[in-house]
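Undergrad: One structure, as structure tokens, below. Some questions next.
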Amino acid sequence: MKTIKEFICNPLPTPNCHASTVLPLPDGTVIAAWFGGTKESTADVDIWYARRDENGWSKPAAVSYNKHIPHWNPVLFLRKNGDVVLFFKVGKEIFSWRTFACVSTDGGKTFGTPYELVKGDRSDGRGPVKNKCLRLESGRVLAPASNENRGWNCFVDISDDDGETWRKTPKIKTEQAVPIFNRQNHYTSNLIPMIQPTLWESAPNKVHMLTRTSVGRAYRSDSEDGGETWCQAYATDLPNNNSGLDVVKTPNGDLYLLSNPVEENWGERSPLTLQKSTDNGATWETVLVLEEEKKDSEFSYPAIEYMNGALYITYTHERLNVAFWKIEL
2 MKTIKEFICN PLPTPNCHAS TVLPLPDGTV IAAWFGGTKE STADVDIWYA
52 RRDENGWSKP AAVSYNKHIP HWNPVLFLRK NGDVVLFFKV GKEIFSWRTF
102 ACVSTDGGKT FGTPYELVKG DRSDGRGPVK NKCLRLESGR VLAPASNENR
152 GWNCFVDISD DDGETWRKTP KIKTEQAVPI FNRQNHYTSN LIPMIQPTLW
202 ESAPNKVHML TRTSVGRAYR SDSEDGGETW CQAYATDLPN NNSGLDVVKT
252 PNGDLYLLSN PVEENWGERS PLTLQKSTDN GATWETVLVL EEEKKDSEFS
302 YPAIEYMNGA LYITYTHERL NVAFWKIEL
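Mind the numbering: the sequence shown is residues 2 to 330 in my numbering, read in order.
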């Protein structure tokens with residue numbers, strides 16, 4: 002593998018950053034976005050983005066729906082017409098999130114005025130919650146979604162018009178678990194807590210997800226009908242530290258997974274590894290350690306995309322910068 006590693010910001014325009022997203026474009030440029038401010042959940046947190054071309058990374062610019070409310074978890078998406086959509090969450094608390102989006106018609110150089118993705122929706126956020134949308138062979142777009150209002154629940158938002166309108170599936174069912182309590186110590190659910198799914202399509206309309214959980218393992222669910230219905234989620238052998246993970250499929254069918262392989266709820270967000278599967282996620286092998294294990298360090302919330310023979314990766318680097326890798330396969 003030929004690799005490039007660099008930091009996007011020099012310097013970071015805010016004291017703190019987190020939750021990046023990456024999007025390579027057909028012309029060879031790359032867009033990345035993240036949220037940044039004093040620290041996560043403070044009122045000054047906006048969405049920031051930068052663009053990489055042959056001259057390197059541009060100076061970061063900000064997008065904001067409201068300068069007095071925290072912004073969270075941007076996700077980039079390329080429409081068929083070449084427009085770039087930037088989704089993000091807005092809300093003082095996670096359970097009050099609303100999803101907004103804005104559009105770039107110039108390849109990520111500038112973005113238009115933010116608009117609410119599903120107008121009037123108050124169900125704790127719609128559209129992609131952390132990871133990229135998946136365009137199926139049929140053209141349908143699936144947004145990997147979750148909420149944290151009454152328990153932690155995953156679902157999928159479906160668009161059959163390239164992201165203009167959305168309809169949500171029921172929450173993904175899981176096996177029974179210990180009772181879960183919310184911040185007010187009220188009983189909410191007895192299902193496995195799952196959020197922030199990542200998706201791939203193994204064959205036409207056969208779609209799969211891996212999810213972040215609080216039980217030390219990533220869980221998986223599968224759909225045979227293009228994301229309309231999903232089987233009960235089940236445990237995998239993949240360790241999960243209750244932090245983000247992301248998967249991408251390459252044209253030959255190989256899967257590449259970025260995660261912190263730590264089998265502990267709220268465990269260390271280190272190391273950060275790249276794993277590969279050649280059997281649709283049944284087994285995995287580590288092919289690259291991007292960041293070595295370090296106590297109390299954070300290399301987290303990775304994002305991964307593929308284009309033209311290369312993997313494109315971003316992740317949080319100690320909350321002080323966004324790291325970028327290009328890996329030629």
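Heads up, the beta-carbon is just placed ideally off N, CA and C, and yes, glycines get one too.
Since we're looking at a predicted model, the values are computed, not measured.
#1: Which of the three DSSP states is assigned to T212 in this structure?
#2: Would you tell me roughly how many angstroms separate the C-alpha atoms of K131 and D238, rounded to the nearest one?
#3: Does the beta-carbon distance from L211 to R221 come in below 8 Å?
#4: State buried or exposed for E299, treating a residue as buried only when at least 16 other CB atoms are found within 10 Å of its CB.
#5: Counting Cβ pairs, one atom from each stretch, are 3 or more of them under 8 Å apart for the segment 309 to 316 and the segment 36 to 50?
#6: How big is the Cα-Cα spacing for T39 and Y66?
#7: Nearest by alpha-carbon distance to N242: which of P272, D223, V249 is it?
#8: Helix, strand or coil for I334 per DSSP?
#9: Determine the burial state of S139: buried for a count of at least 16 other Cβ atoms within 10 Å of its Cβ, exposed for fewer.
#10: Would you mind listing the beta strand (DSSP E) stretches within the segment 40 to 91 that are 3+ residues and don't spill past its ends, in chain order?
#11: Pull up the DSSP beta-bridge partners for S234, would you.
#12: Count the other CB atoms within 10 Å of the CB of M195; is the residue buried (16 or more) or exposed (fewer)?
#13: Considering only the alpha carbon of each residue, which of N253, N74, S244 lies closest to R265?
#14: Please give me, in chain order, every unbroken run of the beta strand (DSSP E) with length at least 3 that falls completely inside the segment 81 to 150.
#15: Roughly how many whole angstroms lie between the Cα atoms of A20 and G121?
#16: With DSSP collapsed to three states, give me the class of I193.
#17: Would G57 be called buried (16 or more neighbouring beta carbons within 10 Å of its own) or exposed?
#18: Is A283 buried or exposed, if buried means 16 or more other CB atoms sit within 10 Å of its CB?
#19: For E299, name the three-state secondary structure that DSSP assigns.
TA: So, from the data block:
#1: Strand, per DSSP.
#2: 22 Å
#3: At a Cβ-Cβ threshold of 8 Å, L211 and R221 count as neighbours.
#4: buried
#5: Contact between the segment 309 to 316 and the segment 36 to 50 is absent, because fewer than three Cβ pairs lie under 8 Å.
#6: 17 Å
#7: Ranking P272, D223, V249 by Cα distance to N242 puts P272 first.
#8: Outside the modelled stretch of the chain, which goes from 2 to 330, sits residue 334, for which no answer is possible.
#9: exposed
#10: Listed in chain order, the complete beta strand (DSSP E) runs (minimum 3 residues) inside the segment 40 to 91 are 47 to 54, 62 to 64, 72 to 79, 85 to 91.
#11: Per the sequence presented here, residue 234 reads as Ala, with Ser not at that position. Bridge pairing for A234: T175 [DSSP].
#12: buried
#13: The sequence as given places Glu at residue 265; Arg does not occur at that position. When only C-alpha atoms are compared, the closest one is S244.
#14: 85 to 91, 99 to 105, 142 to 148
#15: 25 Å
#16: Coil at I193, not helix or strand.
#17: Classification for G57: exposed.
#18: exposed
#19: DSSP places E299 in the strand class (E or B) of the three-state scheme.
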